[in-house]
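Notes follow once the structure below has been shown.
Number of protein chains: 2
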Amino acid sequence: MNFQSASRAQLEAAEAELAQQYQAHQSSGLSLDLTRGKPSTEQVELSSSLDGILAGNYISEEGVDLRNYGGLDGIPGMKRLFAETFSIDVSRILIGGNSSLTLMYQSALFALQFGLGGEGSAWNQESGEVKFICPVPGYDRHFSVCEHLGIKMIPVAMDENGPLMDEVESLIKADPMIKGIWCVPRFSNPTGCVYSDEVVDRIAALAGIAGNNFRVFWDNAYAVHILDDEAKELADVFVSAKKHGTEDSVLIFGSTSKVTFAGAGVAFMAASSSNLAAFKRHLGFSSIGPDKLNQQRHINLLKDATGFKAHMTQHAAILKPRFDIVEKYLIEGLAGSGIASWLKPQGGYFVSFDSEPGLAKQIVAMAADAGVKLTPAGATFPYGHDPKDANIRLAPSYPSLEEIEQAMAIFVVCVKLATVRKMLNA
Amino acid sequence: MNFQSASRAQLEAAEAELAQQYQAHQSSGLSLDLTRGKPSTEQVELSSSLDGILAGNYISEEGVDLRNYGGLDGIPGMKRLFAETFSIDVSRILIGGNSSLTLMYQSALFALQFGLGGEGSAWNQESGEVKFICPVPGYDRHFSVCEHLGIKMIPVAMDENGPLMDEVESLIKADPMIKGIWCVPRFSNPTGCVYSDEVVDRIAALAGIAGNNFRVFWDNAYAVHILDDEAKELADVFVSAKKHGTEDSVLIFGSTSKVTFAGAGVAFMAASSSNLAAFKRHLGFSSIGPDKLNQQRHINLLKDATGFKAHMTQHAAILKPRFDIVEKYLIEGLAGSGIASWLKPQGGYFVSFDSEPGLAKQIVAMAADAGVKLTPAGATFPYGHDPKDANIRLAPSYPSLEEIEQAMAIFVVCVKLATVRKMLNA
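Going line by line, the protein sequences match chains V and G. The opening residue of the first sequence carries number 1 in our numbering; numbering runs sequentially from there. The opening residue of the second sequence carries number 427 in our numbering; numbering runs sequentially from there.
Set out below in structure tokens:
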């Protein structure tokens, strides 16, 4: 039924039926959780040979004793593994600890306070409030890095090709204190979109407008997390940056958090030699270098780009049925209803759902009352504020297939009931 | 021979003989390294069962899957292990990643920029230059944290009981912008001294003079690194702080870097609940929590305080002969010479040596020319500046016994030759 063209009587009948369904769900006492972009137990088990995989060999290929001090930016084998898998020149790779979030925070902190471009390049030495462009909906932990560091966030909408670049460019032209942009360019969190070649190229060119201290935070967190063999490829941002003479503006981030063990993986960043030199100089004051043993374990497990990709195929086999259930319930329950929209992702960890404006918070609250925890509405926007109150992020990776079925059945009822009631009260 | 009371002729004869010895060393083409406080290969091998020690069990005692996200401040078992071993209440422990240096840097950063004592407590919100007391000689990486964060360092001398507290107290009374003090209270780096009970108590009382935003950075890095069963115990700083009502001023740090694997160990900090809450709030913006698997591996290896101490006894058995060689060469070559002084440490990783004023740089350079690398003179002082140019840090943990013998023989010749030449030219 298309709710937008339904008569009042039809809406009233629907409300009564949906209210009954909702009550039935409420009284069933379920406790389900679709909040977290967290791998399932089946997924982490794919890497359970990691502990013990060194088999007593603690010496790297280069003859370094991995049990002792040294190596601020990682061991060569781990750099090679990321370089091959992400098609990045190995000289640009720096290995971090267990979290790419930490590398992103440090990059923003160092750029803000000390500058990544040499003497006088610190953002906070310029007069005015430092600002970042935040494509929305986006990742709440990117936004909270900005909040913590006192960087003002300017939201810009996205479509299926990425951020709306006309708007991004005109904002940057008008304000020299815009110093960065957050990007999750492949299987964006949460929309799942893959930035088009044109968008990648225009983002790479931004420093030409914004100046030398501008940085693109290219969080390629889901680059290898493919659900569909036909998934759109992402253009190489460094190739565009080279063309535009803006290579110093690009900082790429990634990790194995959702490849091996979440919280015990290996992170990396990739950047120009001048950015890496500045980053390492500052990093050296606070770090003795990341755990080299865990790097060697990852080398032994994943081996090379081919091994890495084969490992990700196993993840996809576990994840795809979960995303298929979400899609099935959304189509069966809401296709043609005129009250909901969503994108079917070809990779990543989320489905981004939009309700009618003004209903996301209410839907999330109703789902919670019926035992389904969802990511708080607004979390995908800077300062937790979704101006339309419409976006809801669904994260089906962690629960079992049966739990996702139950949760999605409830979610669809909540969406419809909240919408019908709003229409009846309008 | 006592050089101070020798005749010119005796000195000239000594110079000729020493010069010959030095030349012989120079031409022997050795390449030895006494620079680094780094465990030897024998030491790291004590922990070589770590990889694989989980034996496929990735679930913690509390039923948490250690392969997945969660746990910003560490797992309970690791907190208990540190709490027992360091006699600290478990509620005060926070587990870090592989580096206590990182926890110290973060503590200083958060205190400086955001405050650890709630609204308005940030050091950089007060007017004036933020300063730290730095007992000297001390640890260069403490000093570089201050340098990086723009904190001015005020050196204060130490004796065998710790920092000279009359001076520390009068500096703090005179300047409210002194916000911290670096301490390595047991087996200090490099002097090896253990702070006396009185010094511990007076340090714990400093916040009573300095105010609520003052923090004692209590880097108890070598607390369990005992070389001598009779080693002096360290008083409990939290007990004194409680008595003085200054518990919020104490931040304790430590790690297993020199217990298990250097660079792949587990760090901790201990602090009052209000400090921990503030620290965690800020930490949460940049961290997904430390590697839980590595914590569980350490729990399995070390088990409890008894296991921890037994493990350290094995380290001592490896380290003690190395320190004995250093002591033997210093006594045989320089006791009664009137031109050198040093302390015999009962624990830790260093021997702190003082030459006649104005000679440390030259001795280090001469040793380097004869194939013995020493820690750069001055490194044990803020800004790398030893005003007397007298202190040299010897680090005998890493080289083999034979290498230490060779290095110490050369070192003693360099000290004597440099001093005699200075006396002859005076």
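The beta-carbon is built from N, C-alpha and C at its ideal position, and this holds for glycine as well.
Could you say which of the options lies nearest to residue i if we only look at CA atoms?
i                         : options                                : result
leucine 428 of chain V    : V/Pro357, V/Tyr398, V/Val44, V/Lys242  : No statement about residue 428 of chain V is possible, as the shown extent of chain V runs from 1 to 426 and does not include it.
isoleucine 363 of chain V : V/Gly150, V/Ile75, V/Val415            : V/Val415
glycine 544 of chain G    : G/Asp750, G/Phe705, G/Ala736           : G/Phe705
glutamate 861 of chain G  : G/Tyr755, G/Met792, G/Ala667           : Since the first and last residues shown for chain G are 427 and 852, residue 861 of chain G lies out of range.
glutamate 61 of chain V   : V/Ala210, V/Gln295, V/Phe214           : V/Gln295
aspartate 780 of chain G  : G/Met530, G/Pro616, G/Ala696, G/Leu456 : G/Pro616
valine 650 of chain G     : G/Ala731, G/Phe640, G/Ala631           : G/Ala731
serine 272 of chain V     : V/Lys292, V/Ala241, V/Leu283           : V/Ala241
glutamate 45 of chain V   : G/Asp491, G/His574, G/Thr682, G/Leu476 : G/Asp491
methionine 579 of chain G : G/Val571, G/Pro589, G/Phe558, G/Glu828 : G/Phe558
asparagine 161 of chain V : V/Phe238, V/Glu233, V/Phe110, V/Ala409 : V/Glu233
serine 767 of chain G     : G/Ser614, G/Asp585, G/Thr672, G/Arg748 : G/Asp585
asparagine 550 of chain G : G/Val562, G/Leu535, G/Pro561           : G/Leu535
With a threshold of 8 Å between beta carbons, is residue i in contact with chain G?
i                            : result
leucine 54 of chain V        : yes
tyrosine 222 of chain V      : no
proline 39 of chain V        : yes
threonine 102 of chain V     : yes
lysine 292 of chain V        : yes
valine 145 of chain V        : yes
histidine 25 of chain V      : no
glycine 97 of chain V        : yes
aspartate 65 of chain V      : yes
phenylalanine 353 of chain V : no
Assign residue i to buried or exposed, taking buried as 16 or more other Cβ atoms, counted over all protein chains shown, within 10 Å of its Cβ.
i                         : result
glutamine 4 of chain V    : exposed
valine 516 of chain G     : exposed
aspartate 229 of chain V  : exposed
aspartate 815 of chain G  : buried
isoleucine 252 of chain V : buried
histidine 298 of chain V  : buried
glycine 254 of chain V    : buried
proline 357 of chain V    : exposed
glutamate 198 of chain V  : exposed
arginine 434 of chain G   : exposed
leucine 709 of chain G    : buried
alanine 157 of chain V    : exposed
glycine 497 of chain G    : buried
leucine 850 of chain G    : exposed
Of all the CB atoms in chain V, is at least one closer than 8 Å to the CB of residue i?
i                         : result
alanine 688 of chain G    : yes
tyrosine 496 of chain G   : As written in the sequence, residue 496 of chain G is glycine, which differs from the tyrosine given in the question. So, interface residue.
lysine 770 of chain G     : no
arginine 847 of chain G   : no
isoleucine 830 of chain G : no
threonine 732 of chain G  : no
leucine 542 of chain G    : no
aspartate 477 of chain G  : yes
histidine 574 of chain G  : yes
serine 474 of chain G     : yes
isoleucine 714 of chain G : yes
tyrosine 565 of chain G   : no
valine 470 of chain G     : yes
Beta strand (DSSP E) containing residue i: first to last residue?
i                        : result
aspartate 436 of chain V : Look at the range of chain V in this structure, 1 to 426, and you will see that residue 436 of chain V is not part of it.
lysine 557 of chain G    : 557 to 562
alanine 340 of chain V   : 340 to 342
alanine 251 of chain V   : Residue 251 of chain V is actually leucine in this sequence, not alanine. 250 to 255 is the extent of the beta strand (DSSP E) around leucine 251 of chain V.
arginine 641 of chain G  : 641 to 645
leucine 820 of chain G   : 817 to 820
Could you please give the first and the last residue of the uninterrupted alpha helix (DSSP H) stretch that includes residue i?
i                         : result
leucine 94 of chain V     : Careful: leucine 94 of chain V lies outside any alpha helix (DSSP H), inside the beta strand (DSSP E) at 93 to 95.
isoleucine 75 of chain V  : It is not in any alpha helix (DSSP H) - isoleucine 75 of chain V carries neither H nor E in the DSSP assignment.
proline 321 of chain V    : 305 to 334
valine 571 of chain G     : 566 to 575
methionine 530 of chain G : 526 to 539
leucine 719 of chain G    : 718 to 728
cysteine 183 of chain V   : Note, cysteine 183 of chain V: premise wrong, no alpha helix (DSSP H); beta strand (DSSP E) at 178 to 183.
serine 781 of chain G     : Premise fails: serine 781 of chain G lies in the beta strand (DSSP E), 777 to 781, not in any alpha helix (DSSP H).
contact_flag[the stretch 51 to 58 of chain V, the stretch 508 to 520 of chain G] where n(CB pairs < 8 Å) is 3 or more
no
Any 3 or more C-beta pairs closer than 8 Å across the stretch 258 to 267 of chain V and the stretch 32 to 51 of chain V
yes
Can you find at least 3 beta carbon pairs, one from the stretch 301 to 321 of chain V and one from the stretch 379 to 394 of chain V, that sit closer than 8 Å?
no
Measuring CB atoms only, is the stretch 15 to 29 of chain V touching the stretch 377 to 389 of chain V, in the sense that at least three cross pairs come out at less than 8 Å?
no
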